[in-house]
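Q:
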Amino acid sequence: MKALGAIVVVLVVLLAGGAITSNLLSSDLAIQQTTDPSGDFLTATPDQAVAFILVTGFIIFNVLGAGLTLMIVFWLLNRHVTAARQAPSPDAA
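Under the numbering used here, the first residue of the sequence shown is numbered 24, with each subsequent residue one higher.
1) Which of helix, strand or coil does DSSP assign to Gly80?
2) According to DSSP, is Leu65 part of a helix, a strand, or is it coil?
3) For Ile30 and Thr66, what's the separation of their Cα atoms in angstroms?
4) Taking Thr57 and Phe64 to be in contact with their CB atoms under 8 Å, please state how far apart those CB atoms are, rounded to whole angstroms.
5) From Gly40 to Val33, what does the alpha carbon distance come to, in whole angstroms?
6) Taking the alpha-carbon positions, what's the Ile83 to Leu27 distance?
Right, here's the structure in full:
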C-alpha cells in the first residue's frame, strides 16, 4: 500500500511539473534569444564565451582542490591507523 502511495505522489509531482512547464512556455516568460529568423540561438557572444570559460575553470579548479585535500586527509588517516595496528598493544605485555 505504501508503494502505491509513493507512485501516486511521484505521478502527481510529475503532472504538476509538466503543467507548470507548459504554462510557462505558453506565456511570454521564456527568454527570446533572437528575433532574426535566420539567427542561431546556439551561438555565444564573446562575453558569454569568456564567462563560460572562467566559470568552468573555477569549478574544475575547486573540485580538484577539494579532491586533493580529501586524498591527503584520508592518506594521513590510513597511515596513522596502519601504524596503530602494527604497534604492540599495552595489554599484550
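Positions of the beta carbon are idealized from the N, C-alpha and C atoms, including for glycine.
A: A quick look at the data gives this:
1) The answer is helix: DSSP assigns Gly80 an H, G or I state.
2) coil
3) Ile30 and Thr66: Cα-Cα distance of roughly 41 Å.
4) 6 Å
5) 11 Å
6) 42 Å
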